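Engineer:
Protein chains: 2
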Amino acid sequence: MLTSDFRSRTPSNKDSHSCPDLLRKHSEQKIKARQSLESVDYDLHESQQYVDYVTNLSGPLGKVKGGFRWFYTVLAGFAAGGVAVAIQFVLKHVTEQRFEHQQRMYDDGHGLLLRFGAWLIGSMVLAAIAGFLVCYIEPLAAGSGIPEIKCILNGIDLPNVLLLRTLACKAFGIVCSVAAGLPCGKEGPMIHSGAICGAQMTRVHAGPIVQPYKINHEARDFVAAGAAAGVAAAFGSPIGGVLFAVEEGATHMNPRILVRTFVCAAVAALTVRFFAGPMEGMVKWGMLGTEVPVEFGRFDNRPYQIWELFIFGIFGILGGLAGALFNSLNTKLSKWRMRWIGPRGHMRYLEVLFVTGTIVTFNFMAPLFFGAVSSEMSSYSSSQKLFINLGGECIRSLFHDTENFDQRMLLFFAIVHYAQTVWTYGLGVPSGLFVPSLLGGAAFGRSIGQVVNSLDANFASPGVYALIGATAMLSGMARITISLAVILMETTGEAEWGLPIFLTVMAAKWTGDLFNKGIYDIHIDLRHVPLLEGRAEKPMLMLQAGEIMATTVKSAPVIAVVKDLLSMLEDCKHNGFPVVDATTNTFVGLVERNTLLHVIALSKEDNFGRGGRAVPYEDMVRHGHPQFPSITDVKAAVGVNNLNKEIDLGPYTNQGCYTVQGHAAAMRCYALFRTMGLRHLPVLAADHTLRGIITRKDLLNAMESLEGHHLRDLARNDSSEISARNVILGIPGSNLLKKSNTSLEEDASSAATP
Amino acid sequence: MLTSDFRSRTPSNKDSHSCPDLLRKHSEQKIKARQSLESVDYDLHESQQYVDYVTNLSGPLGKVKGGFRWFYTVLAGFAAGGVAVAIQFVLKHVTEQRFEHQQRMYDDGHGLLLRFGAWLIGSMVLAAIAGFLVCYIEPLAAGSGIPEIKCILNGIDLPNVLLLRTLACKAFGIVCSVAAGLPCGKEGPMIHSGAICGAQMTRVHAGPIVQPYKINHEARDFVAAGAAAGVAAAFGSPIGGVLFAVEEGATHMNPRILVRTFVCAAVAALTVRFFAGPMEGMVKWGMLGTEVPVEFGRFDNRPYQIWELFIFGIFGILGGLAGALFNSLNTKLSKWRMRWIGPRGHMRYLEVLFVTGTIVTFNFMAPLFFGAVSSEMSSYSSSQKLFINLGGECIRSLFHDTENFDQRMLLFFAIVHYAQTVWTYGLGVPSGLFVPSLLGGAAFGRSIGQVVNSLDANFASPGVYALIGATAMLSGMARITISLAVILMETTGEAEWGLPIFLTVMAAKWTGDLFNKGIYDIHIDLRHVPLLEGRAEKPMLMLQAGEIMATTVKSAPVIAVVKDLLSMLEDCKHNGFPVVDATTNTFVGLVERNTLLHVIALSKEDNFGRGGRAVPYEDMVRHGHPQFPSITDVKAAVGVNNLNKEIDLGPYTNQGCYTVQGHAAAMRCYALFRTMGLRHLPVLAADHTLRGIITRKDLLNAMESLEGHHLRDLARNDSSEISARNVILGIPGSNLLKKSNTSLEEDASSAATP
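In order, the protein sequence lines correspond to chains A and B.
Residue numbers are given in our numbering: position 242 of the first sequence equals residue 242, and the series is strictly consecutive.
Position in the second sequence (first residue = 1) + 754 = our numbering.
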C-alpha cells in the first residue's frame, strides 16, 4: 500500500508539449532527488512530555543551561576563528615555500623547463590531496559549502554536511587547492567550517544540561551563528557575517538570536584580528585597532564625484551581465559534470588532475607572453604577478597600487581568470567563489579605470574602479546584496564606501536577476533541494491548501496498540503521523516517527495503557533521541509480551500544531512554513477531520506548476487546473493534479551530492 | 449587553495582597489606556473579493504598480534626507546667529548680565515656539518619536503619529529646542520624520495604481523604510539605519523588504552626504568619498591593546548602571508628569519655559565657575564650550581634541549634563536622546581616559575612551545593540571600531537589563501600549490558548440580514467578527468591521442575496476604505428598503485565517501573532466550533499574570490558576481568570499620549 511513488504533480504533466520524454526524465530525477532529502522541523515542540521536561529544567538548572548556551556560542566563535587562522597560516607558509623554491632554482641556474616541472609537480601533489579528500572521502567537502549551509538553515536535513570529518576535509582541502594555484577562494570553505564549528557545539556530550541543544531549532541557531562567525573570520567582518546569516539563510531571526549570532561573529573576528597583525609582521602581539591590516587594504582618502555614481551603476549592470553569463556557463558545465562525472570516484579525481595541470601550466607560462623581461618570478611586474600570486594579494595590489598595470596583460588576465573560474567551480576540490570573482572583477574594473584616468587624471582613481568592478562581478554571480556591501566595506576599512558599493551591488543584482538565479541557488536547484525562497509568488494566493495537499495520509489513533504502531512504522517511511480521535475521527495533533520509536522501545509496565505515565523526555534523550533507532532494535526492546498492549499517544503528540482549512491560500501555507520552520502542515475540513497534509515539497510542486502560466489564464481559462476559489464552506472537490500516493516524506537514505 | 468592561484578567486579582487599592487603580488606568488603542492587522488579506482584485491587477498593470513601489521608496529616501538637511541647515544658521550676536555685544562692551539677558531671551523664545507646537498643536511631536514608531511597526495603530502636521511640528520644534540650548538631540526626531515621509507615500492619491499601498502591511513596510532612512539621514549611516529598523521594529523582515529598506536608507544618506560636505565648507559641490565629513569625525590611526577590551567591558558595565539609573529616575519623573502635568495644555507649556529658563541660566554661568579667564564666549576653552555648544560639536571635540580638557570642568559637565538630560526627556518639546546621552558618556569616558593616560602615555587614548564611554551610556539607556554599534561605526568612519564598540554595547545592555527595560520600552509601557516583545517568556509554554482567550464573542452568520448586521455593528465596537455557518455552527472565517461597513453602504440590487455578486474591492477603496464610514452614513446609504435583504458574507470573509486549538500553547499563539502580524486569532474546539478569540491584549495580560510567579509554582502548586495541561482532547473547562465581557477590541477614540 505504501509505495515509493511520490506525488506526481510535476510540470511534466502539462508543460511538456515540446519534448515530453526529456522533461519526464528530468522530473523523475527531481522526484528521486527530492525523495532522498528530508526536511527538519523547527516548530515549537509542544507535547505534554516535552513541556514537563522544560518545567523540570526551569529554575536554577535552566539558568545554568542558559549560561552554557552563551559559553558554547563564544566557543564556536573561537573555533571558527581558529580554523580560519590555521588555514591562513598554513596557506601562507606553503605558498612562501613554493616561491622560495623557485627562487633557489633560478639562483642555481636551472632552466625554465626544469623550474616549470618543479612548479607543476608541486601543484599536482597539492591538487591530488585536495581531490582525494573530496573524491574518495567526503564529497560534501567540494565547492564553497555556502549552498549546503543555506539549505540547512532553510530547514532541509543534508546529512554529513555538519560532520567533523567534513570540516577536516574542507580545511585541509582548501589549503591544498588554493596553494596549488587553482582559482579558488578560501572564504567560502571558512564559512562552511564556521557553521560546522557551530553545529558541533550542539553535539557535545556533557550531561543533561547540554542535551536541550539537541533540539532542532537550537541546532539551527548555532549553525547560523557559526556561519556568521565563519564570514567574520574569513573577512574580518563581524557585521557582514551577521548580515550574511540573515540574508542568505536565516528565515527565523529574532532580536535575541541576532545578538547571539553577533557575539559569535565578534569573537571569531577578534580571534582572527589578534593573530592577523603579528602574523603579517605589522604590529606587536596584543595590539588591535586601526593598525591591524584589513583583508583588502584600507581605502582612505579617495574622493569621487557624484556623477561617477552613474559609472558605478554601469559597472553594476556590466557585472550583472558578466555574472549571469558566468552562471549560465557554469550551469551547463555542472549539468555535464553531473551526467558524465558524478559526485565522487575516479572520473572526478582525474578531472581534478587534468584541470589543475592545464590551469597551472597556462598560468605559469602566461606572464611570459607579453614582453617579459626575465623569467625570474621575483622580478615580475604587478600585472605578471596576477597569474601566480594568491588571489587576496592580487586584489590588494589591484586596489592600491599607484603605478599603472600593463593594460594588455590586465585585460588578458581578466578574461583568462574569468574562464578559469567558470571551469573550476564545481570541480572535485574545496573552492570558494568570493575571491576569484572579486579578482576577475577588480582586474576588469581597474583596466577601465586606468583608461578613463589616462584621459583625465582628475578623476577615476583606478583603485576605486577596481573595487567597484570587484563588487559588481561578485554581486552579479552570487546576487548577495546587503551583506556583500557590508563585507566589502569592512574589508576595505572605510564605512564611507558602503554607499557606492551598495549602489553597484543593487544594479548588478537586478541586471543578473533578469537572466538567471544566483550561482548558489542554481547549485541548490541542480540538486533538486526543496528550498523555500523568501516569498511565495503572487499566483500562490490563487491556489488553495486543499488543491496542493497530499490527500491520502497514514494516521494513528490516540490510544494505539503497540503492534499496530510497529507495523505502521515498518510499512511507512513518513516522519510525522497525524493522531486522530478514534470515535469522532477528528484531528488531535502530530506525532513524530522518532518519538514513536523511542517511546515504544522505552515503555515499561506503568507507561502502557490508557492514561499511562508518559516516558520522560530525558529517558528518550539518554536512549539516543534524536537519532533513529532501527525497527529491529525497537522490536527487541519492547518484547513479544507487550505487543498487544496499548500506548496513550496523547502526551507525545504535538496537539497545538498549526493547521489550516482546505480553502486557505497556498501563499498563507507557504508563509507559515517558511517563517515558522514547519515540516508538516495538516489540512482540516469544516468538521475538523483530517483532509490531507502539506509538506514543503507540495508547496514547491505547486510553485513549479504555476511557473510560466499567466495568472489570469490560470484563474479564468484553465479551470481544469485551478478550480475557482470556493467561497462556500468546505474543501474543493477537485485537486490541482491528482495525487496517488500516501507518502509524506521519505527517509533520507543518501546524501545530496552535486 | 456589550459594556465597556474590559476583560479583567489583570494582576490585581491575585497579586494585590499588599496594596490592593493602588494596584487596582493602576490596572484600571492600564485597562482604560489599552482600550483606547487599536492594533493593526498585517496578515494576508484573503477574501474572495480581494483575491479577485489582485487577479485583475496582475499583468502589465501589476508591473507598473511594482515599479511605482520602488519610485515611492526612492522618493521617501529623498524626503527623509531633505528633512534632515533642512533641520541641519536651519539649526546651524540659527546657532551661528546667536553666537555672533553674543560676540557683537561683547565687542560693543556690554556687561555679562546684559549679554546673559539677551542669551536667555533668545532661548526662551525658541523654547516657547517648540513648546507651543507640542502643548497646543500636536502632543505627539514631543520626545524622540522612536517609541511611537516602534509601536506602529509592532502592529499598534497610534493615530496622528504619521501625519504631515506631526512632521511639521516635529521638524520646526526640534530646531527650536536644540537651538534653545536644551540637552536634546535632533536625531530621534529625524527618525520620526523619516518614518512620516515613508508613511506619506502610501497616502498619495494617484489613481488605482497607487491604491494597493493603502493595505496595512504595505504601509508598514514604507514606515520601516522611512525610519531607516531617518537614521541614515541623521547619522549618515545607511547600514545602521536598516539594522535599526530590523532591531527596533520590524517583526516582519524578509530579504525583499530588507533590500527595499536599504535602498531607501541609501538614498537618504546620499542626499545628506551630498549637502554635508559643501555646507561645512569642506569639499566642493558634487564631491563624495572619504573627504565628506562624518557625523562625529573620523577615528583613524588609534591603536589599542587587547587587554584594554576588559576596560571597555567595565565601561560597558558602568554605562549599564548609569543608564539604568537614568531610566529609573526618568520613569519616576515621567509618572509625576503624567499625574500632575498631562500631555498638553498650559501646565505643560509652563513646565517647558521653567525648565528651559533654569537649564539655560545654569549653562550660561557654569563655564565661569572654575578659573574662567574671560567671559568672552569665543575665547572659551574646549571644556567651557561643552556647556554652550551644540551636542554634536561637543562630541566631536571630546573624541578628537588632542589637548587635555580641564579635568574638574569635564567631570562637572558630565554630571550636570546627565541630570539635565534626565530632566528634559519627556518635556513638552521635541527632543531626541541619542546625542545627549552620547555626550554625557563621552565626557565621563574622556575624563577617565585622561586620568589613565596621565599615568602612562603609551595607552588609553582619551578620544577612544570618550567613544567607548559614549557607547556605554547610550546603550545603557536605550538597550539598542547591533544597530547602535553599526551607527557609531559609521559615524566615526572606521569599520575597525565596530568590535570594541559592540563589546561595550553588550556589556552595557546586559548590565542595564538586570535593573529595568530600555528607556523607549519604559515610555511605551507608561502609556500601556500593548507591545509584543521579541519573544514570549518560557512560562507561556505552560499556558494554553483556551486559558487566555476571551470566551464570549459576537459572530455573524454567512448569510446575514442587513439590519442584523447594522445592529451588531452599532452595539459592538469590535473590529473583527468571526463568521460561522448557521446550520453546523462551525467556524468559517473572519470579517473586518471596516469591510462590513463599506459593503453595506455600497451593496446594490445584484449584490444582495445568497450568491450575490461581490462588491468589488476597488469600489470600497474609492468609497474611502480603509477609513471607517460612520454608521449613520452607512444607514443612509443602504436605505430603508434594503434593511431586510440578505448579504452573503462569504466573499468578504478571510476564510483562510489562522486558527488554533484550545490546547495550543500560549507561546505558539504569541509567536504567530508577532511574526505574522495578527490582530485576531480565533480559538476552535475539537468540533470546529468557535470557542473564543485571542487578541494581543489577551497575550499581554497572560504574560503579566505570569510575571513574578515561579514557573514551577505555577504548574504544580497553584492549580487554581493554571490548570494542568490537558492531554485529553478538547478545551479545558476552567479559564485562568474569569472573563466577563464580550469586547474584542475597542474603537480608537483618543490618541495615545504621554
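Glycine residues also receive a C-beta, built at the ideal position from the N, C-alpha and C atoms.
Keep in mind that this is a model prediction, so the values were computed, not measured.
Quick check on Glu376(A): buried or exposed, where buried means 16 or more other Cβ atoms within 10 Å of its Cβ?
Structural biologist: With fewer than 16 other Cβ atoms within 10 Å, it is exposed.
Engineer: Contact check, Thr481(A) vs Val1013(B) under 8 Å by CB: the rounded distance?
Structural biologist: Thr481(A) to Val1013(B), Cβ: 6 Å. Contact.
Engineer: Are Val562(A) and Asn654(A) touching if we call contact CB-CB under 9 Å?
Structural biologist: It is not a contact, given that the beta carbons lie outside the stated cut-off.
Engineer: Any residues in the stretch 1441 to 1462 of chain B with a beta carbon nearer than 8 Å to a beta carbon of chain A? Which ones, in chain order?
Structural biologist: Result list: Asp1441 and His1442.
Engineer: Is the distance from the Cβ of Gly194(A) to the Cβ of Ala234(A) below 9 Å?
Structural biologist: In this structure, Ala234(A) lies closer than 9 Å to Gly194(A) by Cβ.
Engineer: Skipping 5 residues on each side, what residues in its chain have a beta carbon closer than 7 Å to that of Glu941(B)?
Structural biologist: Correct list, in chain order: Ala988, Phe989, Gly1186, Phe1188 and Val1189.
Engineer: Does DSSP put Glu38(A) in a helix, a strand or coil?
Structural biologist: Strand.
Engineer: Closest Cβ-Cβ distance between Ile1065(B) and chain A: below 9 Å?
Structural biologist: No, its Cβ sits nowhere closer than 9 Å to a Cβ of chain A.
Engineer: Taking only the alpha-carbon atoms, compute the straight-line gap between Leu1323(B) and Thr1429(B) and give it to the nearest angstrom.
Structural biologist: Their backbone Cα atoms lie some 29 Å apart in a straight line.
Engineer: Per the DSSP calculation, Val580(A) is bridged to which residue(s)?
Structural biologist: DSSP lists Pro557(A) and Phe587(A) as partners of Val580(A).
Engineer: Below 8 Å on the Cβ atoms is my guess for Gly745(B) versus Val1021(B); work out the distance and round it to an integer in Å.
Structural biologist: It is not possible to answer for residue 745(B), since the shown part of chain B is limited to 755 through 1508.
Engineer: Does Glu1301(B) pass the burial test, meaning 16 or more other C-beta atoms within 10 Å, or should it be called exposed?
Structural biologist: So Glu1301(B) counts as buried.
Engineer: State the CB to CB distance for the pair Leu1268(B) and Ile1255(B), rounded to an integer number of angstroms; the pair is presumed to be in contact (CB under 8 Å).
Structural biologist: The pair is not a contact, with the Cβ atoms about 21 Å apart (cut-off 8 Å).
Engineer: Measuring straight from C-alpha to C-alpha, what distance separates Asp401(A) and Leu243(A)?
Structural biologist: Near 30 Å, if we compare the C-alpha coordinates of Leu243(A) and Asp401(A).
Engineer: Hey, Ala1226(B) and Ala1261(B): beta-carbon distance below 9 Å or not?
Structural biologist: It is a contact, given that the beta carbons lie within the stated cut-off.
Engineer: Based on DSSP bridge pairs, tell me the residues matched to Asp157(A).
Structural biologist: Glu38(A).
Engineer: I'd like to know whether the C-beta of Glu496(A) is nearer than 9 Å to at least one C-beta of chain B.
Structural biologist: Chain B, which has a Cβ nearer than 9 Å to the Cβ of Glu496(A), makes this yes.
Engineer: Name the two residues that bound the continuous beta strand (DSSP E) containing Tyr1058(B).
Structural biologist: Looking at the DSSP string, the run of the beta strand (DSSP E) that includes Tyr1058(B) is Pro1057 to Gln1059.
Engineer: For Phe608(A) versus Val591(A), is the C-beta distance shorter than 9 Å?
Structural biologist: No, the pair does not count as a contact, with Cβ atoms beyond the cut-off.
Engineer: Taking 9 Å as the threshold (beta carbon to beta carbon), is Arg1027(B) in contact with chain A?
Structural biologist: So yes, Arg1027(B) belongs to the interface.
Engineer: Is there a Cβ of chain A sitting closer than 9 Å to that of His1417(B), yes or no?
Structural biologist: His1417(B) counts as touching chain A.
Engineer: Hey, Val985(B) and Ser1237(B): beta-carbon distance below 9 Å or not?
Structural biologist: Going by C-beta atoms, Val985(B) is nearer than 9 Å to Ser1237(B).
Engineer: Just confirm the distance between the C-beta atoms of Thr1246(B) and Leu1221(B), as a whole number of angstroms; I'd bet it's less than 8 Å.
Structural biologist: The pair is a contact, with the Cβ atoms about 7 Å apart (cut-off 8 Å).
Engineer: In the DSSP assignment, find the unbroken beta strand (DSSP E) run with Pro757(A) in it and report its ends.
Structural biologist: As shown, chain A starts at 1 and ends at 754. That puts residue 757(A) outside it, with no answer to give.
Engineer: For Val848(B), collect the residues of the same chain with a Cβ closer than 6 Å to its Cβ; drop the 5 residues on either side in sequence, then sort them by chain order.
Structural biologist: Closer than 6 Å at Cβ, skipping near neighbours: Ala933.
Engineer: List, in chain order, every chain A residue whose beta-carbon is nearer than 9 Å to that of Val1414(B).
Structural biologist: Gly656, Tyr658 and Thr659, listed in chain order.
Engineer: Can you tell me where the alpha helix (DSSP H) holding Ile875(B) begins and where it ends?
Structural biologist: First-last of the alpha helix (DSSP H) with Ile875(B): Leu866 to Phe886.
Engineer: CA-CA distance, Gly109(A) and Gly122(A)?
Structural biologist: Using only the alpha carbons, I get a separation of about 19 Å.
Engineer: Report the CB separation of Ile264(A) from Ala228(A) in whole angstroms; it is logged as a contact under 8 Å.
Structural biologist: A quick correction: the sequence has Cys, not Ile, at residue 264(A). Cys264(A) to Ala228(A), Cβ: 6 Å. Contact.
Engineer: When DSSP labels each residue in this structure, what does Leu1268(B) get in the three-state scheme?
Structural biologist: Looking at Leu1268(B) - three-state DSSP - the assignment turns out to be coil, as it is neither helix nor strand.
Engineer: The alpha helix (DSSP H) spanning Ile482(A) covers which residue range?
Structural biologist: Start and end: Ile482 to Thr491.
Engineer: Bridge partners of Thr1443(B), per DSSP?
Structural biologist: Its beta-bridge partners are Thr1340(B).
Engineer: Of all Cβ atoms in chain C, is any one closer than 9 Å to the Cβ of Arg1347(B)?
Structural biologist: Although the question refers to chain C, the structure presented lacks it and instead comprises the protein chains A and B.
Engineer: Compare the Cα-Cα distances from Leu1460(B) to each of Met1294(B), Asn1117(B) and Val879(B) and report the closest residue.
Structural biologist: Closest option to Leu1460(B), Cα to Cα, is Met1294(B).
Engineer: Are the stretch 434 to 452 of chain A and the stretch 407 to 419 of chain A in contact at 8 Å, needing three or more beta carbon pairs?
Structural biologist: Touching, per the Cβ criterion.
Engineer: Hey, how far is the Cα of Ser144(A) from the Cα of Thr551(A)?
Structural biologist: The straight-line gap from Cα to Cα measures roughly 39 Å.
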